[in-house]
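Enquirer: Protein chains in written order, with the numbering used here: chain A, 1 to 341; chain P, 1001 to 1341.
C-beta: ideal position from N, C-alpha, C; glycine also.
Treat the numbers as computed from the prediction; the structure is a model and nothing was measured.
Take a look at the following structure, please.
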DNA sequence: AATGAAATTGTGAGCGTTCACATGATATTA
DNA sequence: TAATATCATGTGAACGCTCACAATTTCATT
């Protein structure tokens, strides 16, 4: 059965006693095939376990039904979750997904990731570009006409992209603390080369100022628990006094809470903490973490749908899909003690 | 520059004033090209920004330089980390990677994942099959001659695979608790359809018995923090008394520790806890978690290297590469209080 | 200078499909 | 029943490349 030679269109045709073209019609669901021959051919395909040769196919159609996702920061929760959902959405729409992880956000790294595949005739690309480093125009010229959609790029730039409204998310988090009566609110931000980190930071500041509150100190973390731990220590060692803390993501919040406890601060009694992402573990933190939830499933799914539209109609005008996060309140935040005084 | 028509071998040939075959030789690093013509052709390739058409290439060579990884349980730390390293190793060796996530471990799901791609002429596959459900023989027939390597499959089966010696890992964890003087040791295992969960469970039991200790209760979790939380509650509600707890992974350990605290138990004073995986957050748990570290980078890298060998020489005899985990001791484990009495 | 071997370059065919068109079969209408 | 429209099926060419082999050039050797 497992002969060396691959089964081709012609083998199927011979067995079904039709021309190869008719077989081609059957596998492409052409309407111009009678019911009986269609059945006969289907049977032959099944008998021979025939699989159309995609290489031959895409050689003539110039379509590969292959998408590529280039992702930076794949060790982080957001990007890795997004990739999973991108793949699943792609497969639902009949595409397979090539994944490329880049480590440095340099033009060279991206060029490498894209160039290799342009020869593969990928039909489209999804670029998870959460940090600054490469301009949109550079990407356009790199992609060489292949449609692409960006994820996690800068908010409110007119590029084909799907993003989360980080400004809104950070506002939710900060306003939540304000509403609880907190007035001394510090921040541990993500690395400021990340768009999301800057947007959250800026919005934290703006929300406080809009409420007439002077922003507390802000220190920069690296998204990891250890980084959050170190950042919180830095904050406290610098003598910062605060009852509210907005942390750039849940992992850093975990580390920060540990550092706070080491300084004898109780959560939420002494300090209320808010994170970002709502990773599955957040509900089991000590205490369970109030956090800003992001829908990575929606990002992945919508970016693929957008991309597929772009493939079908490349002339479609570029726009940015904006998704809104939501606040999940748990036990790491509580009314300010001062308020009750 | 971005003309509609793609640049072909012939375009380059015309520009370099050589035959198309010579261009082919240059891009395939054939030695039979003089230095001067090679340069001339290289220049033309650069000028025209030529990219060889992979579809045409693989149509004739029957090689795609494409690998596929089929992964189950991609939302979990181990599989997702592994995939990242598989991709990076593959790219280093000149292959691109198609990723397919399957949700149910059924023959049908795997058949779907494999069949779609066999038409793509993938050169090889890596199957992350951490749970029972599909037999090796079935995979062999599904793969239809395409070489494949399994990851996380059953220990000591003679199949081409790369696995972690879970039995050894669990022994490390359990023996560590025994060495600390603990005699009442319970377990929260992973879902028992996972090979790793069964192996760790069996080895936990065996290690205790070898030390002349009657194993405590064992309850089954679902790898999530919430699952560990629930499992620990179940354990305690059933009246289990223990000073040592082996937990199937770090996330469940997080939840379990939370549940233990809710029952007034301090860690490590009252109960010592050991996890598995050493996720980056483990060092910032409350307290920092003692855990069994697994080298997912090595798994990914070695499985790709193995696969590439198999592609070059399909006759190579199948064997199982076994990697050994190591114990990382942190503050969630301490000498048994009883011992000192 | 003639010969041959080695290096370099060129030519024809085919990989397995789809596309555009040509042909054949069947149903519809006058 | 003959003519036409409609549907079903078949044929030749092309997609862009590599393979096997043929032709040409180069250069050392007799």
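Between the segment 1087-1118 of chain P and chain A, which residues of the former have CB atoms less than 8 Å from a CB of the latter, in chain order?
Expert: Flagged, chain order: 1087, 1088, 1091, 1096, 1097, 1098, 1099, 1100, 1101, 1115, 1116, 1117 and 1118.
Enquirer: Hey, how far is the Cα of residue 125 of chain A from the Cα of residue 1303 of chain P?
Expert: If you take the alpha carbons of residue 125 of chain A and residue 1303 of chain P, they lie about 27 Å apart.
Enquirer: Closer than 7 Å, Cβ to any Cβ of chain A: which residues of the segment 1278-1308 of chain P, in chain order?
Expert: Under the 7 Å Cβ criterion, the segment 1278-1308 of chain P contributes 1280, 1281, 1283, 1284 and 1286.
Enquirer: Within 8 Å of any Cβ in chain P, is that where the Cβ of residue 341 of chain A sits?
Expert: Its pLDDT being 34, under 50, residue 341 of chain A is placed unreliably by the model, and the measurement read from it follows with that caveat. So, not an interface residue.
Enquirer: How about residue 217 of chain A and residue 231 of chain A: are their beta carbons less than 8 Å apart?
Expert: Result no, Cβ atoms of residue 217 of chain A and residue 231 of chain A do not sit closer than 8 Å.
Enquirer: Quick one: does residue 1249 of chain P have its CB under 8 Å from some CB of chain A?
Expert: No, residue 1249 of chain P does not count as interfacial toward chain A.
Enquirer: Under 8 Å between the Cβ atoms of residue 1164 of chain P and residue 1279 of chain P?
Expert: No. Outside cutoff.
Enquirer: Quick one, which residues of the segment 228-257 of chain A are near chain P if we go by CB-CB under 7 Å, in chain order?
Expert: Flagged, chain order: 229, 251, 254 and 255.
Enquirer: If the cut is a Cβ gap below 8 Å, which residues of chain A does residue 1024 of chain P touch?
Expert: By Cβ distance, chain A contributes nothing, its closest Cβ being about 14 Å from residue 1024 of chain P, past 8 Å.
Enquirer: Ignore the nearest five residues each way along the sequence and tell me which others in residue 344 of chain A's own chain have a CB closer than 6 Å to its CB.
Expert: Only positions 1 to 341 of chain A appear in the structure, and residue 344 of chain A is not among them; the question remains open.
Enquirer: Whose CA, out of P/1145, P/1082, P/1148 and P/1221, lies closest to the CA of residue 75 of chain A?
Expert: Per the Cα distances, P/1082.
Enquirer: From the beta carbon of residue 53 of chain A, is the nearest beta carbon of chain P less than 8 Å away?
Expert: So, interface residue.
Enquirer: Using a Cβ cut-off of 9 Å, pull out every chain P residue sitting near residue 170 of chain A, in sequence order please.
Expert: What residue 170 of chain A touches in chain P: nothing, since even the nearest Cβ is about 22 Å away.
Enquirer: Within 10 Å of its beta-carbon, does residue 1120 of chain P have 16 or more other beta-carbons around it, so buried, or fewer, so exposed?
Expert: When all chains shown are included, residue 1120 of chain P counts as buried.
Enquirer: With C-beta atoms as the reference, is residue 189 of chain A less than 8 Å away from residue 268 of chain A?
Expert: No. Outside cutoff.
Enquirer: Apply the 10 Å Cβ neighbour rule to residue 58 of chain A and answer buried if 16 or more other Cβ atoms are within range, or exposed otherwise.
Expert: With 16 or more other Cβ atoms within 10 Å, it is buried.
Enquirer: What in chain A is Cβ-close to residue 1059 of chain P, meaning under 8 Å?
Expert: Residues of chain A passing the Cβ test: 53, 55, 56 and 59.
Enquirer: Are the Cβ atoms of residue 235 of chain A and residue 67 of chain A separated by less than 8 Å?
Expert: No. Outside cutoff.
Enquirer: According to DSSP, is residue 1321 of chain P helix, strand or coil?
Expert: If DSSP states are grouped into helix, strand and coil, residue 1321 of chain P belongs with the strands.
Enquirer: Just tell me which of A/147, A/337, A/312 and A/297 has its CA closest to the CA of residue 323 of chain A.
Expert: Checked all of A/147, A/337, A/312 and A/297; the closest Cα to residue 323 of chain A is A/297.
Enquirer: So residue 1113 of chain P packs on residue 1070 of chain P, CB below 8 Å; how close in whole Å?
Expert: The pair is a contact, with the Cβ atoms about 5 Å apart (cut-off 8 Å).
Enquirer: DSSP puts residue 1128 of chain P in a beta bridge; with which residues?
Expert: Per DSSP, P/1071 and P/1151.
Enquirer: Among A/174, A/146 and A/104, which has the Cα closest to the Cα of residue 314 of chain A?
Expert: If we check each option's Cα against that of residue 314 of chain A, A/146 comes out closest.
Enquirer: What ranges does the beta strand (DSSP E) occupy inside the segment 1068-1125 of chain P, keeping only unbroken runs of at least 3 residues that lie completely in it?
Expert: Within the segment 1068-1125 of chain P, the complete beta strand (DSSP E) runs of at least 3 residues are 1096-1102.
Enquirer: Whole alpha helix (DSSP H) runs in the segment 1135-1211 of chain P with 4 or more residues, listed along the chain?
Expert: 1136-1143, 1166-1179 and 1195-1210, all fully within the segment 1135-1211 of chain P.
Enquirer: Check whether the Cβ atoms of residue 195 of chain A and residue 154 of chain A lie closer than 8 Å to each other.
Expert: Their beta carbons are under 8 Å apart, which means residue 195 of chain A touches residue 154 of chain A by this criterion.
Enquirer: In chain P, which residues lie less than 8 Å from residue 121 of chain A when you measure between Cβ atoms?
Expert: Going along chain P in sequence order, the residues near residue 121 of chain A (Cβ under 8 Å) are 1053, 1054 and 1055.
Enquirer: At 8 Å on the CB atoms, spell out the chain P contacts of residue 84 of chain A, in chain order.
Expert: Simply 1074, 1075, 1080 and 1101.
Enquirer: Taking any Cβ of chain P, which residues in the segment 208-229 of chain A have a Cβ under 8 Å from it, in chain order?
Expert: The residues in question are 224, 225, 226, 228 and 229.
Enquirer: Over what stretch of residues does the beta strand (DSSP E) that includes residue 276 of chain A continue unbroken?
Expert: Here the beta strand (DSSP E) through residue 276 of chain A covers 272-277.
Enquirer: Relative to the alpha-carbon of residue 1184 of chain P, which residue among P/1056, P/1243 and P/1309 has its alpha-carbon at the smallest distance?
Expert: Answer by Cα proximity: P/1243.
Enquirer: Which word fits residue 1199 of chain P, buried or exposed, when buried means at least 16 other C-beta atoms lie within 10 angstroms of its C-beta?
Expert: Under this definition residue 1199 of chain P is a buried residue.
Enquirer: Mind checking who residue 326 of chain A pairs with in its DSSP beta bridge?
Expert: DSSP, once it has assigned bridges, lists A/293 as partnering residue 326 of chain A.
Enquirer: Taking the Cβ atom as the reference point for each residue, do residue 1330 of chain P and residue 1265 of chain P lie within a distance shorter than 8 Å?
Expert: Against a cut-off of 8 Å, the Cβ pair of residue 1265 of chain P and residue 1330 of chain P comes out as no contact.
Enquirer: Which one of A/277, A/254, A/294 and A/286 has the shortest CA to CA distance from residue 1281 of chain P?
Expert: Residue A/254 is the option with its Cα nearest to residue 1281 of chain P.
Enquirer: Quick check: residue 33 of chain A and residue 22 of chain A, are their CB atoms within less than 8 Å of each other?
Expert: It is a contact, given that the beta carbons lie within the stated cut-off.
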